[in-house]
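The structure under discussion appears below in the form of structure tokens.
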Amino acid sequence: MRHFSWGTVYITGGSSGIGFAIAKQIIGEGGTVVLLARNEKKLIQAQRELGKKKCHIQVLDIAKTEEVAAIIQEAVGTFGAPEMLINNAGVAHPDHFFDLDLCIFEHTIRTNLLGTIAVTKATLPFMRPGGHIVNVSSMAGFIGTYGYTSYSASKFGIIGFSQALRNELKAEGISVSVLCPPDTDTPQLYEENKTKPPETFAISGNAKLMSADGVAIAFLRGIKRHTYLIIPGFSGKMIYLLNQIAPGLVRPIMDSIVRTARKKEGISRRFL
Ligand SMILES: NC(=O)c1ccc[n+]([C@@H]2O[C@H](COP(=O)([O-])OP(=O)(O)OC[C@H]3O[C@@H](n4cnc5c(N)ncnc54)[C@H](OP(=O)(O)O)[C@@H]3O)[C@@H](O)[C@H]2O)c1
1 MRHFSWGTVY ITGGSSGIGF AIAKQIIGEG GTVVLLARNE KKLIQAQREL
51 GKKKCHIQVL DIAKTEEVAA IIQEAVGTFG APEMLINNAG VAHPDHFFDL
101 DLCIFEHTIR TNLLGTIAVT KATLPFMRPG GHIVNVSSMA GFIGTYGYTS
151 YSASKFGIIG FSQALRNELK AEGISVSVLC PPDTDTPQLY EENKTKPPET
201 FAISGNAKLM SADGVAIAFL RGIKRHTYLI IPGFSGKMIY LLNQIAPGLV
251 RPIMDSIVRT ARKKEGISRR FL
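Okay, structure coming up:
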């Protein structure tokens, strides 16, 4: 494989989990990163671990879409324009649909989908041909997942946005990719497990968690191969293929797992 030059890579949500692991790999291959997230203390800690020479930080709340353009412009003025933007920042609040307030939907869609769109809009004018935009979706972005109504809505949205954007930017010489990680051992997953319904636990079952480093390595490999849809791990790829070829098979399997879990937990119907 020819030498790959990363240049400067902006990573939203780069202070933790998958974003941090990707930043570490990119620096390891000679690139420079700009990490953007809300919590300054976490950003400073990440910069301490990655080294000030190759890692810059910028406080940004992508959900405050009206502030995004000015902050990106400031970052470009200070750190230079990016060759790659990774829209990785995201939130997830699993629970039964009926127990999720509308404000959770607003927050999740505002952060995951509108935030991604706002950062892309603000960054694109600074990108040259050869540039690359990567949007982080999820396996819950191509399979509607029990307990993830708000998250799946936002992550399906990212896939639709990315496909349409890819077609528009192709002629401009800018690539678009989507990363769909499976369950990955990060602080976000730890938080999700606090509110995940038992049915959701039953669906993810005994599936082995990927490490954030494992996702990052698969991501780098996918980018170097110019892959549009990057799905780390063998089982993730198989689930994607099965869902594409035979969605009519996947749904009854999911239904049966949910039925068994509800029986086991003694969960009865909540609606008429
Ligand atoms: N972990 C999994 O199992 C999994 C599976 C599939 C997809 N994903 C996706 O992968 C991405 C990274 O997740 P992760 O598991 O690595 O989570 P994580 O460890 O919790 O990291 C999330 C990052 O996003 C930042 N962030 C959250 N809200 C933000 C906002 N409004 N503005 C700017 N930054 C924000 C956080 O920093 P601050 O809190 O300081 O802002 C943090 O740096 C997410 O898009 C997630 O949906 C994760």
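First residue of the sequence shown? That's 1 in the numbering used here, and the numbers climb one at a time after it.
For every residue, glycine included, the Cβ atom is placed at its ideal position computed from N, Cα and C.
For the beta strand (DSSP E) that N135 lies in, which residues bound it at each end?
Element bounds for N135: 132–136.
Three-state secondary structure (DSSP) at H56?
Strand.
Should S211 be counted as a contact of ligand 1 given a C-beta to heavy atom distance under 7 Å?
No, Cβ of S211 sits at least 7 Å from all heavy atoms of ligand 1.
Are there 16 or more other CB atoms within 10 angstroms of the CB of A246, so buried, or fewer, so exposed?
Exposed, because fewer than 16 other Cβ atoms sit within 10 Å of the Cβ of A246.
Using the rule of at least 16 other Cβ atoms within 10 Å of the residue's Cβ for burial, across every protein chain shown, is H3 buried or exposed?
Classification for H3: exposed.
Comparing the CB of D61 with every heavy atom of ligand 1, is any distance shorter than 7 Å?
Indeed, a heavy atom of ligand 1 lies less than 7 Å from the Cβ.
Apart from the five residues just before and just after F97, which ones in its own chain have a Cβ nearer than 7 Å to its Cβ?
Excluding positions up to five away in sequence, the list reads T149.
Is K196 buried or exposed, if buried means 16 or more other CB atoms sit within 10 Å of its CB?
Buried: at least 16 other Cβ atoms inside 10 Å.
Quick check on the DSSP output: the alpha helix (DSSP H) that includes M254 runs from which residue to which?
Counting along the chain, the alpha helix (DSSP H) containing M254 begins and ends at 247–265.
Report the three-state DSSP secondary structure of S177 (helix, strand or coil).
DSSP places S177 in strand when its eight states are reduced to three.
What residues in its chain sit with their C-beta under 8 Å from that of K53, if we drop five residues either side in the sequence?
Around K53: no qualifying Cβ.
Out of P187, V258, Y240, which one is the CA nearest neighbour of I203?
It is V258 whose Cα lies nearest to the Cα of I203.
So does the stretch 70–82 actually touch the stretch 179–192, counting three or more Cβ pairs closer than 8 Å?
Taking 8 Å as the limit for Cβ pairs, the verdict is that the stretch 179–192 does not touch the stretch 70–82.
Tell whether a beta-carbon distance below 8 Å holds between Y240 and V178.
For Y240 and V178, no; Cβs fall outside 8 Å.
Just the C-alpha distance for K263 and D95, rounded to the nearest angstrom, thanks.
Those two C-alpha atoms are separated by around 18 Å.
Applying the criterion that 16 or more other CB atoms from any shown protein chain within 10 Å of the CB defines a buried residue, is E74 buried or exposed?
Exposed, because fewer than 16 other Cβ atoms sit within 10 Å of the Cβ of E74.
For V91, verify whether its CB is less than 7 Å away from any heavy atom of ligand 1.
Answer for V91: yes, Cβ within range of ligand 1.
Please state the DSSP three-state secondary structure of D95.
Reduced to three states, the DSSP call for D95 is coil.
Tell me whether Q47 counts as near ligand 1, meaning its Cβ is closer than 7 Å to at least one heavy atom of that ligand.
Answer for Q47: no, Cβ out of range of ligand 1.
If contact is defined by three or more beta carbon pairs under 8 Å, each pair taking one atom from either stretch, is the stretch 9–25 in contact with the stretch 200–219?
Cβ pair count under 8 Å is three or more, so yes.
Work out the CA separation of G147 and T260 for me, nearest whole Å.
When rounded, the distance between both Cα atoms is 16 Å.
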